[in-house]
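Residue numbers (our numbering): 5 to 115.
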């Protein structure tokens, strides 16, 4: 059980790092000389960074082994799964969905 908790926590941290990288890359596009889509890109970057923070918090809090932490992690993960379908599904979306389903299975197994 403890090994599965460590694995799911690690996956939450890695997934948070992925969204942090995407958010940072989006912010870099806002630098002077970049595409003139600042308002939309700023909102998207903020959402990506917020998701990264929520995922990192879930990973950290799962280490506390509380029911509330588990429910929070489940809510964050389910929101990410639902939002995966909010856009056209491409190869990367299917890969992310596979990661999310793996994380969900591991999270349910440690309940």
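From the three backbone atoms N, C-alpha and C, an ideal C-beta is built for every residue, glycine too.
Remember, predicted model here, so these are calculated numbers, not experimental data.
Assuming residue i and residue j are in contact, meaning their beta carbons sit under 8 Å apart, how far apart are those beta carbons, in whole angstroms?
| i | j | result |
| --- | --- | --- |
| residue 27 | residue 45 | So it is not a contact: roughly 10 Å between Cβ atoms. |
| residue 20 | residue 59 | 4 Å |
Report yes if the CB atom of residue i is closer than 7 Å to the CB atom of residue j, and no otherwise.
| i | j | result |
| --- | --- | --- |
| residue 107 | residue 15 | yes |
| residue 62 | residue 111 | no |
| residue 8 | residue 113 | yes |
Tell me the rounded alpha-carbon separation between residue i and residue j.
| i | j | result |
| --- | --- | --- |
| residue 54 | residue 23 | 9 Å |
| residue 72 | residue 30 | 32 Å |
| residue 81 | residue 34 | 28 Å |
| residue 99 | residue 32 | 25 Å |
| residue 65 | residue 42 | 34 Å |
| residue 97 | residue 83 | 14 Å |
| residue 86 | residue 103 | 13 Å |
| residue 70 | residue 115 | 10 Å |
| residue 89 | residue 10 | 28 Å |
| residue 105 | residue 47 | 27 Å |
Can you tell me whether residue i is buried or exposed, with buried defined as 16 or more other CB within 10 angstroms of its CB?
| i | result |
| --- | --- |
| residue 67 | exposed |
| residue 74 | buried |
| residue 25 | exposed |
| residue 18 | exposed |
| residue 6 | exposed |
| residue 49 | buried |
Hey, is residue i's beta-carbon within less than 7 Å of any beta-carbon in chain C?
| i | result |
| --- | --- |
| residue 57 | Protein chain content of the structure displayed is limited to a single chain, and chain C is not contained in it. |
**Asked** Can you list the alpha helix (DSSP H) stretches of 4 or more residues lying completely in the region 34-97, in chain order?
**Response** 42-66 and 71-88
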